Structure formats: C-alpha cells, structure tokens
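Right, one structure below, let's go through it.
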Amino acid sequence: MPADVKLTHTSALILQTLSAGYRYGFDIMEATGLPSGTVYPALRRLERSRLVESKWEKEKTAVAEQRPVRKYYKLTRAGEQARAQALQRYRMLEQMTPAAPRGR
Amino acid sequence: MAFPSLVPSVETQCRWLVRIASLLVPRHVRGEWRAEWEAELSSAMLVATPAQVRMWARGSLADAAWHRFNRDDLDTSVSELVRKPGFCIAALLAGFALIAALSGWFPRTRDILMPLPYNAPGRVAVVSERRASLSMRSGVAPALAARWSYQGQGIAAAATYRWQRSHLADGRSVIAARVSPAFFSVLGVPLRRPARPQTVLLSHDFWTRYCGADRAVVGHVLPVGATRYRIAGVLPRRFWFLSRDVQLWEVISEQDAEVEPGSTGMVVRLLPRAAPEAVAASFEKLAATPFYKPTVDVAPLEQRVRTPLDSFALGLIMALAVVLAPRLARWHSVPARTWRNRAFVAQAAFFGLKTLLAIGIVLLAGLEFTPATAITMTGGTDLLTEPLTTWLYLMGSLGALTWSIYDSRLRCRVCLSRLGLPAHVGCPGCLLLDWAGTEMVCTHGHGMLHVAEMPSSWTESATWTHLDESWQELFAR
Chain P
1 MPADVKLTHT SALILQTLSA GYRYGFDIME ATGLPSGTVY PALRRLERSR
51 LVESKWEKEK TAVAEQRPVR KYYKLTRAGE QARAQALQRY RMLEQMTPAA
101 PRGR
Chain L
105 MAFPSLVPSV ETQCRWLVRI ASLLVPRHVR GEWRAEWEAE LSSAMLVATP
155 AQVRMWARGS LADAAWHRFN RDDLDTSVSE LVRKPGFCIA ALLAGFALIA
205 ALSGWFPRTR DILMPLPYNA PGRVAVVSER RASLSMRSGV APALAARWSY
255 QGQGIAAAAT YRWQRSHLAD GRSVIAARVS PAFFSVLGVP LRRPARPQTV
305 LLSHDFWTRY CGADRAVVGH VLPVGATRYR IAGVLPRRFW FLSRDVQLWE
355 VISEQDAEVE PGSTGMVVRL LPRAAPEAVA ASFEKLAATP FYKPTVDVAP
405 LEQRVRTPLD SFALGLIMAL AVVLAPRLAR WHSVPARTWR NRAFVAQAAF
455 FGLKTLLAIG IVLLAGLEFT PATAITMTGG TDLLTEPLTT WLYLMGSLGA
505 LTWSIYDSRL RCRVCLSRLG LPAHVGCPGC LLLDWAGTEM VCTHGHGMLH
555 VAEMPSSWTE SATWTHLDES WQELFAR
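Protein sequence lines, in the order shown, are assigned to chains P and L. When you line the first sequence up against my numbering, it's residues 1 to 104, in that order. When you line the second sequence up against my numbering, it's residues 105 to 581, in that order.
Okay, structure coming up:
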C-alpha cells in the first residue's frame, strides 16, 4: 500500500487502538466499540495491505493463563506511518482510544 | 425433580455458530480462522454478558463471508470465471435447464422423440399439396380430399382436419380441431364409442384443467362458438396429433367437411406394404386436369413430426462444415508436434459443442414456447406461418452460429479463455501508412490477437501471435 494512503475512519481507529497496546480482535472490539463483523474483516484488510501483521502467541503463555492460544496483531512500520498520517486527518482519534491496561 | 435444560449453553451456541460460519472460509485458511475465533470466544465468555457474546459470535459470519467473497478478490474471480470456456458451456447448459424448468421438462420435444400414440403409427401419413411457388406445402381442397378418400389407391381410410381458434361460452379462447368422423379410426386411437358428428372430444389436459377431471362431464353439452356439441369422451393422456395445444376435437359430418371453405389437412392410413410414393402418384392422377397437374406429398407422420430434428442435424453439420473446412484445408501447413495441433483439436471440440448447444437452445425454445411454431414445425399446412416458422428457426440458428464464431475468434488459441485488455493501436485515418486496429491479450500470457480496424481484403482475418514461456512472467499473478 502506498505511503500516502487515505484510511477510512474505522481502519484508522483500529490502527490507533493497536498502537495503544490492544492486540487481539475481541480486545480491539471492546476498546473501539465497533462490532465484531467490522473489526475482524478490517484487520484482514489491514494485514493484506501490510499495515498490520499477526502472530500466534506462545503456547506456554496461553497454558499458563489456562486459555486457548490467541492470535495477536501489531502495527508494521508502514502501518505506523499510515497511522501518523491518519492522525493528522482525524485529529480526535487519539482521544477516542483508551490506553491499554498494563501488562498487555 | 429438575430436568436438564434442552437449550445449549451460550458458549456451545456460539461455538456452533463459529463452526457453521467456518464452512464459508476457504479450506486452506479454515483451521487457523476457527482457532482464532474459538480462542477469542473464551476471552469473550470471561468479560462479556451472554447477549454481548452472542452479538460478537454473529460477527463470525461477516468475517467468514469476507474471506470467501472479499470485494477485490470477488471482482477478479468473477472476471476470470466469465472468461473461461467452461463458463460459456455452463451458461448454455443453464439455458437448457431454464427451458426445461419453464416448459416442464420439454413436453413437446419428448412427444416428437417418443413413439406416436397410435395403432401401427408407421402406416399413418399426412397428405399435402406441394405448390410450385416457394416450394411450400399446403392443405388440399376439401372436395379433392373427399375424392381421394373414395378413389385413392393404397389407402385403408382417410380423414380431414383443420385448426381454428374457438371461443367457449365463458369467453375463453382455445385451439380446436374440426375433424371428420373417421379421424380417430384412421389414427387408430381406441375410443369407447365411435366419434359421431356434432360431438366433441376433450383433450386430457383440457379435461383436468377446465373440468376438474370430472368423469360426469361426458354427455353434457359444451357450447363452442355458435355450435352446441355433446361431449363424447376424453382422449387418452398421451394422445396428440401434430400439436399438444389442441384442446378440443370437434367432430363434424362428412358432408360439412366436404364443403368447408379454403383448404384442409388430410391424414390417411396406408394399406400394409403400400408405398407413400405410389399413393401420392395415384392422388396426382386423380387430381390432374388438362390445365393443372398437382404435386402431392404423402409423408409418413413419424417422419413429418421429426422434421425439426432432421433440420437441426442438417443445419448443424452444414454449419460445422462451413466453419471447419477452411481450417482443415490449412491443416497440412500446421507443423506437427507443436502446441498448435493440440490447440486446434481443443478449439474445434469447443466450437462444435458450443454451436451444438446454442442451436439446440434455439430449436428447443422454438418448439416449447411458440405453440403456433410447434404446430407448423411438426406438420402444419398453413401457407403463412410455415415459411415464417422456418425463417424464425433459420434466423435464430444463424444468430447462434454467428455468435459462436465471433466468440471463438475472441478466445485464446491455447487455453480458450476470452481475451481481454483491448488496446487501440494506430490511427484509423492513416490506414495507408500504417496498421491500425485493436490488440487483445490472453490474461494468462499465451498470446495476442491483432484485429485490423478495416481489413484490406475479405481474406484478411485477425492475426494471432503466440507468446512463448518467456512472456509468462509478465502475466504472473
């Protein structure tokens, strides 16, 4: 995706949420208030555009917390640039996203 | 005593919803997709209310649908799909399926293909007069038909028939046939009582549709137009003569049949071993005058009703011959053991199948959906509609053949996919100085077609340039 890409408000919000430390679909959904039918397809699109990358967490961590292994998303360098550009366009974005609790 | 609840828990409901949604996800990513959603389900169960979890799980359908139909991929897949030769054949087969569904599984075509529902149908023949003008067949004069039936050689019995549109007492319009009393015995249709003048026989379709399959209608009076007929019976379900659209069979007296205005259809039962040609010759002899010598056609009914299929086969063979002959003539110039040999066979097979299906659709649509056409195609005697019907079929077939040729020209000579990415090259106003036209490429990189804007001679056709494997990289996806 070119560097000067114009993201939709939803995509920009998801990038901002990931940047704030939220890492998986349900987490992002809770932070943004967006429905799951919007969040997950948006994550797929962002991943296909190489603005986001995903990785399965280590099994050891999941076992320790007695839950299944999660898939975590994080911004790529291009995603970081796109987010910075989107912040200039959507100035309220930063205030809309709560900071992620510590330990995430 | 408390009974266990039959309603599954929220977690089970959501797990099943995710499982069902996963069927939409392409197989190669399905496992990973399901693992992600099931992992998140356990997180959702910890922090969200049951209603929220259900709402969250419903999103799995949207996510799965995105995987299957996401817009970019969908556009590409659709455009790729419609280019494929398989799509073309599938579309034509869908046309057949549509005709089958709308017509109720080709009733008229089945009538033509199945044995005729008469006793010894091979001996039943229709008589028509071949006019000098336009080589058309027509009915015969009623007085002449009467003379032939009394004095003709080689026939056991003869009867006359004619179609007309009649109105019932409630204003409904139906196709009716006015037949002479001997009509059903000539065909060899078993009736409980012999057909008498001033009676009417109902087709099985009319009896079930308009009389509610009520046996008590036999013996009642049915006003048809200005005449009141007594219902003499119901014809067998399988009975048909030239068309299934005839609902009423009005029996008129021999005297009335002989003085009917205009021309009439004539059907005869041949004597065993009597040749139709000999019967026709005896009729011609009886009708000849010093000033007029008619040409009579006595055609076995089985042969007459299958004329459309013969025309179809003949038309198809001629079409294939016209198109394939120039290619076969150039066959010797095609180097052996090259891609062209295989491609030529594939092209010819695809073209043949496509043309067969397209012309078949024209034929079946004509037979099934145009009652008047069906009557005339299967042996009508009307001077106006028969040539029109023939032209309708011919024009439709020509249209189908033209489309088939045009479609084949715009397909890749190797993979048979439709060419794309058209580019206009040159200046149409400078034809004398340079080539101008349109270039199209195979999206798989097999070659390029050059279509001249204005061919300089009628022998000039579109030129195909084969691109070797070194070009494939450009088209890789």
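For every residue, glycine included, the Cβ atom is placed at its ideal position computed from N, Cα and C. Since we're looking at a predicted model, the values are computed, not measured.
Query raised in the report: Between L:Met499, L:Leu418, L:Gly456, which lies nearest to valine 466 (chain L) when the distance is taken from Cα to Cα?
Result: What you label residue 466 (chain L) is simply residue 362 of the second sequence in a count that begins at 1. Comparing Cα-Cα distances from valine 466 (chain L) to each of L:Met499, L:Leu418, L:Gly456, the minimum goes to L:Met499.
**Report entry** isoleucine 479 (chain L) (DSSP reduced to helix, strand or coil)
**Finding:** Counting from 1 along the second sequence, the entry for residue 479 (chain L) is found at position 375. In this predicted model, isoleucine 479 (chain L) has a pLDDT of only 47, less than 50, meaning its place in the structure is not dependable enough to derive any value.
Query raised in the report: Using CA coordinates, which residue listed in L:Arg410, L:Thr569, L:Ala379, L:Thr312 is at the minimum distance from threonine 213 (chain L)?
Result: Taking the first residue of the second sequence as position 1, residue 213 (chain L) is located at position 109. Looking at the Cα atoms, L:Arg410 is the closest of the given residues.
Query raised in the report: Taking C-alpha atoms, which residue in L:Ala462, L:Pro398, L:Phe387, L:Pro380 lies nearest to leucine 420 (chain L)?
Result: Working through the second sequence from its first residue, we reach residue 420 (chain L) at position 316. Taking only the C-alpha atoms, the option nearest leucine 420 (chain L) is L:Ala462.
**Report entry** Status (buried if at least 16 other CB within 10 Å, exposed otherwise) for lysine 55 (chain P)
**Finding:** As a working note, residue 55 (chain P) is residue 55 in the first sequence. The residue in question, lysine 55 (chain P), is exposed, as its Cβ has fewer than 16 Cβ neighbours within 10 Å.
Requested in this report: Kindly indicate if chain L contains any beta-carbon less than 8 Å away from that of serine 36 (chain P).
Outcome: Reading the first sequence from its first residue, position 36 is the one you call residue 36 (chain P). Serine 36 (chain P) counts as touching chain L.
Query raised in the report: For the alpha helix (DSSP H) that serine 19 (chain P) lies in, which residues bound it at each end?
Result: Counting from 1 along the first sequence, the entry for residue 19 (chain P) is found at position 19. Counting along the chain, the alpha helix (DSSP H) containing serine 19 (chain P) begins and ends at 9–19.
Requested in this report: Kindly give me the distance between the Cβ atoms of arginine 158 (chain L) and valine 111 (chain L), rounded to whole angstroms, as I take these residues to be in contact under 8 Å.
Outcome: By one-based count along the second sequence, residue 158 (chain L) stands at place 54. By one-based count along the second sequence, residue 111 (chain L) stands at place 7. Actually they are not in contact, since the Cβ atoms of arginine 158 (chain L) and valine 111 (chain L) sit about 13 Å apart, beyond 8 Å.
Query raised in the report: Does the distance from the CB of threonine 368 (chain L) to the CB of arginine 251 (chain L) come in under 8 Å?
Result: What you label residue 368 (chain L) is simply residue 264 of the second sequence in a count that begins at 1. What you label residue 251 (chain L) is simply residue 147 of the second sequence in a count that begins at 1. Contact: no.
Query raised in the report: Distance, Cα to Cα, alanine 20 (chain P) vs arginine 123 (chain L)?
Result: What you label residue 20 (chain P) is simply residue 20 of the first sequence in a count that begins at 1. What you label residue 123 (chain L) is simply residue 19 of the second sequence in a count that begins at 1. Looking at the two C-alpha atoms, the distance is approximately 31 Å.
Query raised in the report: Which class does histidine 308 (chain L) belong to by DSSP, given the choice of helix, strand or coil?
Result: Within the second sequence, numbered from 1, the residue matching residue 308 (chain L) stands at position 204. Note: histidine 308 (chain L) maps to helix in three-state DSSP.
Query raised in the report: When you compare only the Cα positions, how much space is there between proline 376 (chain L) and arginine 227 (chain L)?
Result: By 1-based counting over the second sequence, the position of residue 376 (chain L) is 272. By 1-based counting over the second sequence, the position of residue 227 (chain L) is 123. Whole-angstrom Cα-Cα distance: 7 Å.
**Report entry** Residues that DSSP places opposite threonine 459 (chain L) in a beta bridge
**Finding:** Here the question's residue 459 (chain L) lines up with position 355 in the second sequence. The partner list for threonine 459 (chain L) (beta bridge, DSSP) is empty, contrary to what the question assumes.
Query raised in the report: How is methionine 218 (chain L) classed by DSSP in three states: helix, strand or coil?
Result: Numbered from 1 along the second sequence, position 114 holds the residue referred to as residue 218 (chain L). The answer is coil: DSSP assigns methionine 218 (chain L) none of H, G, I, E or B.
Query raised in the report: Taking DSSP as the reference, what is the three-state secondary structure of aspartate 572 (chain L)?
Result: Stepping through the second sequence from its first residue, residue 572 (chain L) is reached at position 468. Three-state result, aspartate 572 (chain L): coil.
Requested in this report: Determine the DSSP secondary structure at histidine 171 (chain L), reduced to helix, strand or coil.
Outcome: As a first step, residue 171 (chain L) is located in the second sequence; it is residue number 67 there, counting from the start. If DSSP states are grouped into helix, strand and coil, histidine 171 (chain L) belongs with the helices.
Query raised in the report: What span of residues does the beta strand (DSSP E) with lysine 188 (chain L) cover, start to end?
Result: The residue given as residue 188 (chain L) occupies position 84 in the second sequence. Counting along the chain, lysine 188 (chain L) falls outside any beta strand (DSSP E), and DSSP gives it neither H nor E.
Query raised in the report: What are the residues that DSSP puts in a beta bridge with tyrosine 72 (chain P)?
Result: Working through the first sequence from its first residue, we reach residue 72 (chain P) at position 72. Looking at the DSSP assignment, tyrosine 72 (chain P) forms a beta bridge with P:Lys55.
Query raised in the report: What does alanine 166 (chain L) touch in chain P if you count any residue whose Cβ is under 7 Å from its own?
Result: Position 62 of the second sequence, counting from 1, holds the residue named residue 166 (chain L). Correct list: Gly37, Pro41.
Query raised in the report: Quick one: what does DSSP say tryptophan 353 (chain L) is sitting in, helix, strand or coil?
Result: As a working note, residue 353 (chain L) is residue 249 in the second sequence. In the structure shown, tryptophan 353 (chain L) sits in a strand (DSSP, three-state: E or B).
Query raised in the report: Quick one: what's leucine 326 (chain L) bridged to in DSSP?
Result: The residue labelled residue 326 (chain L) in the question sits at position 222 within the second sequence. DSSP lists L:Tyr333 as partners of leucine 326 (chain L).
Report task. Using a Cβ-Cβ cut-off of less than 7 Å, list which residues of the segment 62–87 of chain P approach chain L; keep chain order. Result -> Arg67, Pro68, Val69, Arg70, Lys71
Query raised in the report: Beta-carbon of glycine 33 (chain P) versus every beta-carbon of chain L: anything under 8 Å?
Result: One-based indexing of the first sequence puts residue 33 (chain P) at position 33. Not an interface residue.
Query raised in the report: Under the three-state reduction of DSSP, which class applies to threonine 368 (chain L): helix, strand or coil?
Result: The residue you call residue 368 (chain L) lines up with position 264 of the second sequence. In the structure shown, threonine 368 (chain L) sits in a strand (DSSP, three-state: E or B).
Requested in this report: Taking glutamate 53 (chain P) as the reference, give the member of P:Ala31, P:Pro35, P:Gly79 with the closest Cα.
Outcome: Within the first sequence, numbered from 1, the residue matching residue 53 (chain P) stands at position 53. It is P:Gly79.
Report task. May I ask whether a heavy atom of the ligand SAM can be found less than 7 Å away from the beta carbon of proline 526 (chain L)? Result -> Looking for the ligand SAM in the displayed structure turns up nothing, as the structure carries no ligands at all.
Requested in this report: Please determine if the segment 64–79 of chain P and the segment 191–207 of chain L are in contact, where contact requires at least 3 C-beta pairs separated by less than 8 Å.
Outcome: no
Query raised in the report: For proline 41 (chain P), does the three-state DSSP call read helix, strand or coil?
Result: In the first sequence, the residue the question calls residue 41 (chain P) occupies position 41. The answer is helix: DSSP assigns proline 41 (chain P) an H, G or I state.
Requested in this report: Provide the residue(s) that pair with alanine 205 (chain L) in DSSP beta bridges, ordered along the chain.
Outcome: Position 101 of the second sequence holds residue 205 (chain L). Answer is none; alanine 205 (chain L) lacks a bridge partner.
Query - arginine 282 (chain L): first and last residue of the uninterrupted beta strand (DSSP E) it sits in - result: If you number the second sequence from 1, residue 282 (chain L) lands on position 178. Counting along the chain, the beta strand (DSSP E) containing arginine 282 (chain L) begins and ends at 277–283.
**Report entry** Residue interval of the alpha helix (DSSP H) (run including tyrosine 265 (chain L))
**Finding:** Position 161 of the second sequence, counted from the first residue, corresponds to residue 265 (chain L). Where tyrosine 265 (chain L) is concerned, there is no enclosing alpha helix (DSSP H), although the beta strand (DSSP E) it sits in stretches over 259–271.
Report task. Reducing DSSP to helix, strand and coil, say where glycine 316 (chain L) ends up. Result -> Taking the second sequence and counting its residues from 1, the one referred to as residue 316 (chain L) is at position 212. In the structure shown, glycine 316 (chain L) sits in coil (DSSP, three-state: anything other than H, G, I, E or B).
Query raised in the report: If you measure from the beta carbon of arginine 50 (chain P) to each beta carbon in chain L, is any gap under 8 Å?
Result: Numbered from 1 along the first sequence, position 50 holds the residue referred to as residue 50 (chain P). So no, arginine 50 (chain P) is outside the interface.
Requested in this report: Select from L:Thr264, L:Phe448, L:Glu358 the residue whose C-alpha is nearest the C-alpha of serine 232 (chain L).
Outcome: Taking the first residue of the second sequence as position 1, residue 232 (chain L) is located at position 128. Checking every option, the nearest Cα to that of serine 232 (chain L) belongs to L:Thr264.
Query raised in the report: How about glycine 135 (chain L): is its C-beta nearer than 8 Å to some C-beta of chain P?
Result: On the second sequence, position 31 is the one that residue 135 (chain L) refers to. No, glycine 135 (chain L) lies away from the interface with chain P (no Cβ there is under 8 Å from its Cβ).
Query raised in the report: Using a C-beta cutoff of 8 Å, does glutamate 140 (chain L) count as contacting chain P?
Result: Along the second sequence, read from residue 1 onward, the residue named residue 140 (chain L) stands at position 36. Answer yes: the Cβ-Cβ gap between glutamate 140 (chain L) and chain P drops below 8 Å somewhere.
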